[in-house]
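S.K.:
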Amino acid sequence: MTGLQNFLFFFFSRGGLCSLLIGLVLGLGLAGCRDRQEPERADRPGRITAETVQARATAPTPAPPPFEEPDLPEPEVASGAGEETESGCCGGTGPVEIVPRIAIIIDDMGYHEKLGNRLIGLDMNLTFSFLPHAPFTLHQEELAYLAGRDILVHLPMEARNPAWDPGPGTLHVTDPPEILRSITRDNLLAVPHAIGANNHMGSKFTEDPAAMRQVLSVLARHGFFFIDSYTTPKSTGMKEAKKLGLPTGRRHVFLDNVHNQKDVCRQLERLVEKARADGWAIGIGHPNQATLQALTSCRDRLLRNARIVGVQELLQGG
2 MTGLQNFLFF FFSRGGLCSL LIGLVLGLGL AGCRDRQEPE RADRPGRITA
52 ETVQARATAP TPAPPPFEEP DLPEPEVASG AGEETESGCC GGTGPVEIVP
102 RIAIIIDDMG YHEKLGNRLI GLDMNLTFSF LPHAPFTLHQ EELAYLAGRD
152 ILVHLPMEAR NPAWDPGPGT LHVTDPPEIL RSITRDNLLA VPHAIGANNH
202 MGSKFTEDPA AMRQVLSVLA RHGFFFIDSY TTPKSTGMKE AKKLGLPTGR
252 RHVFLDNVHN QKDVCRQLER LVEKARADGW AIGIGHPNQA TLQALTSCRD
302 RLLRNARIVG VQELLQGG
């Protein structure tokens, strides 16, 4: 026999074919096990995959809470203070004997990175109120501090309508006194350069004098002042603050309930007219394009007819 014939005879006589078949079966079986096990490893909790990394990288910034409650009341103003004039935005260009003082507070800071930075960069003496647990609060309140602006803590307070969530750090009227004080302290510590506070929403909370006293007592111990955003005509904020000896004032005009540049300009005009009547006034706006555009376009006319001061100076000046 040839060499090849000898090899084949030896192979088959020794059970080589059986060994070969068994090896093939075992090999295919192990491969099949690996194929079945792989999805289990991929689905195992905590496994980092390319999809996980991509999802984390593109995770959106937490959405801001609603900027204010709807249908907010407007406090009464002096006769003629709310009337529009033909001069357009910011109350005309004529000289006044006594320049009225206004404070413009930009609420809800900390959620809008680009808009917030642009508002801080305006050459106007705006006051900024930061939500304590917003993603950009620490960075932006540092920018505002370096720019020499007054900084407030925008204290989230319970709204009358439970559908309106003020966001993290909310104070509720049913919270025990020690919890109210603890939450307030935490909120203040989250805005290191703050010198005062005002309420975010709070149409239910500010009507409760006992709850307000707990919050205001913490502000008093920190040497803060309090601005009542006046989200309800039944608010007890100013009354209780005065009892504790806190410097206090209230909002007179919301600037941007309507997100339209012309409407914001009309509200700025109302603010100036209120200040003309009483010597000073407080307006509140929010980080949105309409407010930014109105402040930018109205700046020169606004400064000709009123002096914008930090809200602390307004309180100290009477």
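Using our numbering, read the sequence shown as starting at 2 and increasing by one per residue.
Beta carbons are placed, not taken as given, at the ideal position from N, Cα and C, and that holds for glycine.
(1) Just grab the DSSP bridge partners of alanine 104 for me.
(2) Could you check what DSSP says for threonine 50 in three-state terms: helix, strand or coil?
(3) Alpha carbon to alpha carbon, how far is valine 192 from arginine 302? Give it in angstroms, no decimals.
(4) State the Cα-Cα distance for the pair alanine 160 and leucine 144, rounded to the nearest angstrom.
(5) For lysine 205, is the beta carbon positioned less than 8 Å from some heavy atom of the ligand COA?
(6) Quick one: residues in its chain with C-beta nearer than 7 Å to the C-beta of glutamine 294, no 5 flanking neighbours on either side, listed in chain order?
(7) Could one say the Cβ of histidine 134 lies closer than 9 Å to chain D's Cβ atoms, at least one of them?
(8) Can you tell me where the alpha helix (DSSP H) holding aspartate 187 begins and where it ends?
(9) Taking the beta carbon of proline 163 as the centre, do at least 16 other beta carbons fall within 10 Å, making it buried, or is it exposed?
(10) From isoleucine 106 to valine 100, what does the alpha carbon distance come to, in whole angstroms?
(11) Looking only at C-alpha atoms, which of Glu274, Asp229, Leu132 and Gly149 sits nearest to lysine 243?
(12) Determine the extent of the beta strand (DSSP E) in which valine 154 is found, giving its start and end residues.
(13) Which term fits proline 288, buried or exposed, when burial requires 16 or more other beta carbons within 10 angstroms of its beta carbon?
(14) What distance in whole Å lies between the Cβ atoms of tyrosine 112 and leucine 132, which are believed to be in contact at a cut-off of 8 Å?
(15) With the cut-off set at 9 Å, would you say leucine 272 and alanine 198 are in Cβ contact?
(16) Given a threshold of 16 other Cβ atoms within 10 Å of its Cβ, counted over all protein chains shown, does glycine 284 qualify as buried or as exposed?
(17) Tell me which residues share the same chain as proline 46 and place their Cβ nearer than 6 Å to its Cβ, disregarding the 5 neighbours each side in the sequence.
(18) Which two residues bound the contiguous beta strand (DSSP E) that contains arginine 161?
(19) Determine the contact status of aspartate 257 and glycine 286, defining contact as a CB-CB distance below 9 Å.
(20) Is it right to say tyrosine 312 is buried, meaning 16 or more other beta carbons lie within 10 angstroms of its own, or is it exposed?
(21) Taking the alpha carbon of threonine 175 as the point to measure from, which residue in Ala212, Arg186 and Leu247 has its own alpha carbon closest?
(22) Run through the stretch 99 to 150 for me and flag every whole alpha helix (DSSP H) of 4 or more residues, listed as ranges in chain order.
(23) Is phenylalanine 206 helix, strand or coil by DSSP?
(24) Work out the CA separation of threonine 232 and phenylalanine 255 for me, nearest whole Å.
(25) Is it true that the CB of arginine 182 sits closer than 9 Å to the CB of serine 130?
(26) Measuring only the C-alpha atoms, how far is glutamine 317 from proline 177?
(27) My understanding is that histidine 201 touches proline 167, with C-beta atoms under 8 Å, so please give their C-beta distance in whole angstroms.
(28) Figure out for me which residue from Arg300, Gly250 and Glu241 has the closest Cα to the Cα of glutamate 270.
(29) Which same chain residues end up closer than 7 Å to alanine 276 when comparing Cβ atoms and leaving out the 5 residues on each side of it in sequence?
(30) What do you get for aspartate 108, buried or exposed, if any count of 16 or more other CB atoms within 10 angstroms of its CB means buried?
(31) Who are valine 219's beta bridge partners in DSSP?
M.R.: Reading off the structure:
(1) By 1-based counting over the sequence shown, the position of residue 104 is 103. BP columns for alanine 104 point to Ile283.
(2) By 1-based counting over the sequence shown, the position of residue 50 is 49. Only weak support is given to the placement of threonine 50: the predicted model assigns it a pLDDT of 38, under 50, and the value that follows is read from those uncertain coordinates. Threonine 50 falls in the coil class under three-state DSSP.
(3) Against the sequence shown, residue 302 aligns to sequence position 301. Against the sequence shown, residue 192 aligns to sequence position 191. Using only the alpha carbons, I get a separation of about 33 Å.
(4) On the sequence shown, residue 160 is found 159 positions in, with the first residue counted as 1. On the sequence shown, residue 144 is found 143 positions in, with the first residue counted as 1. Alanine 160 and leucine 144: Cα-Cα distance of roughly 30 Å.
(5) With respect to small molecules bound, the structure shown includes none, and the ligand COA cannot be examined in it.
(6) Residue numbering aside, residue 294 sits at position 293 when the sequence shown is read from its first letter. Scanning its chain for C-beta atoms nearer than 7 Å, with the 5 sequence neighbours on each side dropped, one finds around glutamine 294 the residues Gln262, in chain order.
(7) The question asks about chain D, but that chain is absent: this structure has only one protein chain.
(8) Counting from 1 along the sequence shown, the entry for residue 187 is found at position 186. 178 to 190 is the extent of the alpha helix (DSSP H) around aspartate 187.
(9) Numbered from its first residue, the sequence shown carries residue 163 at position 162. Exposed is the call here.
(10) For the purposes of this step, residue 106 is taken as the residue at position 105 of the sequence shown. For the purposes of this step, residue 100 is taken as the residue at position 99 of the sequence shown. A direct Cα-Cα distance of roughly 19 Å separates isoleucine 106 from valine 100.
(11) Mapped onto the sequence shown, residue 243 falls at position 242. The residue with the shortest Cα to Cα distance from lysine 243 is Asp229.
(12) Indexing the sequence shown from 1 puts residue 154 at position 153. Looking at the DSSP string, the run of the beta strand (DSSP E) that includes valine 154 is 152 to 158.
(13) Indexing the sequence shown from 1 puts residue 288 at position 287. Under the 10 Å beta carbon count, proline 288 is surrounded by 16 or more other beta carbons and is classified as buried.
(14) Against the sequence shown, residue 132 aligns to sequence position 131. Against the sequence shown, residue 112 aligns to sequence position 111. A Cβ-Cβ separation of about 7 Å places leucine 132 in contact with tyrosine 112 under the 8 Å criterion.
(15) Residue mapping note: residue 272 aligns to position 271 of the sequence shown, counting from 1. Residue mapping note: residue 198 aligns to position 197 of the sequence shown, counting from 1. Cβ distance not < 9 Å, so leucine 272 and alanine 198 don't count as in contact.
(16) What you label residue 284 is simply residue 283 of the sequence shown in a count that begins at 1. Buried, by the Cβ-count rule.
(17) Here the question's residue 46 lines up with position 45 in the sequence shown. Bear in mind that a pLDDT of 33 at proline 46, under 50, signals an unreliable position, so the number given afterwards is only what the model happens to contain. Excluding positions up to five away in sequence, the list is empty.
(18) The count along the sequence shown starts at 1 and reaches residue 161 at position 160. Taken as a continuous stretch (DSSP letters only), arginine 161 belongs to no beta strand (DSSP E), as it is neither H nor E.
(19) Position 256 of the sequence shown, counting from 1, holds the residue named residue 257. Position 285 of the sequence shown, counting from 1, holds the residue named residue 286. At the C-beta level, aspartate 257 and glycine 286 come within 9 Å of one another.
(20) If you number the sequence shown from 1, residue 312 lands on position 311. It is worth fixing the name first, because residue 312 is valine in this sequence and not tyrosine. Burial state of valine 312 is buried, judged by a 10 Å Cβ sphere holding 16 or more other Cβ atoms.
(21) As a first step, residue 175 must be located in the sequence shown, where it is residue number 174. Distance check between threonine 175 and each of Ala212, Arg186 and Leu247 places Ala212 closest, using alpha-carbon atoms only.
(22) Counting whole runs of 4 or more residues, the stretch 99 to 150 contains the alpha helix (DSSP H) stretches 114 to 121 and 138 to 147.
(23) Within the sequence shown, the letter at position 205 stands for residue 206. If DSSP states are grouped into helix, strand and coil, phenylalanine 206 belongs with the helices.
(24) Taking the sequence shown and counting its residues from 1, one reaches residue 255 at position 254. Taking the sequence shown and counting its residues from 1, one reaches residue 232 at position 231. Using only the alpha carbons, I get a separation of about 10 Å.
(25) Taking the first residue of the sequence shown as 1, we reach residue 130 at position 129. Taking the first residue of the sequence shown as 1, we reach residue 182 at position 181. Cβ distance not < 9 Å, so serine 130 and arginine 182 don't count as in contact.
(26) Looking up residue 317 in the sequence shown gives position 316. Looking up residue 177 in the sequence shown gives position 176. Rounded to whole angstroms, the separation of the alpha carbons of proline 177 and glutamine 317 is 33 Å.
(27) As a first step, residue 201 must be located in the sequence shown, where it is residue number 200. As a first step, residue 167 must be located in the sequence shown, where it is residue number 166. About 5 Å separates the beta carbon of histidine 201 from that of proline 167, a gap short enough to meet the 8 Å contact definition.
(28) Here residue 270 refers to the residue found at position 269 when the sequence shown is read from its first residue. The shortest C-alpha separation from glutamate 270 is found at Arg300.
(29) For this step, residue 276 is matched to residue 275 along the sequence shown. Closer than 7 Å at the Cβ level, and outside the excluded window around alanine 276, lie Pro101, Arg102, Ile103, Ala282 and Ala307.
(30) The count along the sequence shown starts at 1 and reaches residue 108 at position 107. So aspartate 108 ends up on the buried side.
(31) In the sequence shown, the residue the question calls residue 219 occupies position 218. Partner(s): none; valine 219 has no beta bridge.
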